[in-house]
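**Q** Let me give you the structure first, and then I'll get to my questions.
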Amino acid sequence: MTEQIRDLPYCPRGSRTVHLDTHALHNGVFKTCVEFGIPVIARSPLGRGVLAGAFTKASDLPGNDPRKRLPRFQDDAMKQNIKLVNEVKALAARKGVALAQIALGWILTLSGRPGLPTIIPIPGGSTSSKVTQDLRGVSRLSDKKMAEIGVR
């Protein structure tokens, strides 16, 4: 498995970290990261704007936006992703927090759970104030909140 990890696109050669891809929750990568003490970097943990509520459909992206080439931003995938985002948005509204805070809290809560590696979220933003706003008040989620999102 370690050779497979070295060959993954989200594990730069010579790196001592793995970049988060949600497939890693199920494909054995996280298990190997735990075994070897390799932390995972969650780059763009807000789904390149989707989990920050920046847009709700593929057509909201500017004409030459590079995200338009990614499969998860194509119309059918985007529709499904927005359904999931709306469920998390409803949870955030019930808890009185921002959508981004629930998304980041989910990652922090997964980090270090049994069988999972340390996960370090690195959210980006178009301004430093947006990053600060997204991180303000982010905390780990309760088991009840995690269950609402679908994590057991």
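The opening position of the sequence shown corresponds to residue 1 in UniProt numbering, with each subsequent residue numbered one higher.
Every residue gets a Cβ at the ideal spot worked out from N, C-alpha and C, and that includes glycine.
Considering Ala42, what are the terminal residues of the beta strand (DSSP E) in which it resides?
**A** As a first step, residue 42 is located in the sequence shown; it is residue number 42 there, counting from the start. From DSSP, the beta strand (DSSP E) with Ala42 extends over Val40 to Arg43.
**Q** Nearest CA to the CA of Ile107: which residue from Leu61, Lys68 and Pro123?
**A** Position 107 of the sequence shown, counting from 1, holds the residue named residue 107. The shortest Cα separation from Ile107 among Leu61, Lys68 and Pro123 belongs to Pro123.
**Q** Let's test the definition: count the other Cβ atoms within 10 Å of the Cβ of Ala58 and tell me whether it reaches 16, buried, or not, exposed.
**A** To locate residue 58, count along the sequence shown from 1; it is residue 58. Buried.
**Q** Among the candidates Pro114, Leu104 and Glu87, whose CA atom is the shortest distance from the CA of Thr32?
**A** Taking the sequence shown and counting its residues from 1, one reaches residue 32 at position 32. Closest by alpha carbon: Pro114.
**Q** Identify which residue in Glu87, Gln74, Arg67 and Leu46 has its Cα closest to the Cα of Ile149.
**A** Within the sequence shown, residue 149 is the residue found at index 149, counting from 1. With distances taken between Cα atoms, Ile149 lies closest to Glu87.
**Q** Taking the straight line between their C-alpha atoms, what separation do you get for Met78 and Arg72?
**A** Your numbering for residue 78 matches position 78 in the sequence shown. Your numbering for residue 72 matches position 72 in the sequence shown. If you take the alpha carbons of Met78 and Arg72, they lie about 6 Å apart.
**Q** So what's Pro71 in DSSP terms, helix, strand or just coil?
**A** As a first step, residue 71 is located in the sequence shown; it is residue number 71 there, counting from the start. Here Pro71 sits in helix by DSSP.
**Q** Which residues in the same chain have their Cβ closer than 6 Å to the Cβ of Gly37, if we skip the five residues on either side of it in sequence?
**A** Here residue 37 refers to the residue found at position 37 of the sequence shown. So the list is empty, once near-sequence residues are dropped.
**Q** Just the C-alpha distance for Leu99 and Leu51, rounded to the nearest angstrom, thanks.
**A** Position 99 of the sequence shown holds residue 99. Position 51 of the sequence shown holds residue 51. Leu99 and Leu51: Cα-Cα distance of roughly 6 Å.
**Q** Name the residue from Leu110, Val40, Arg136 and Asn64 whose alpha carbon lies nearest to the alpha carbon of Asp143.
**A** Translated into positions along the sequence shown, residue 143 becomes position 143. When each option's Cα is compared against that of Asp143, the closest is Leu110.
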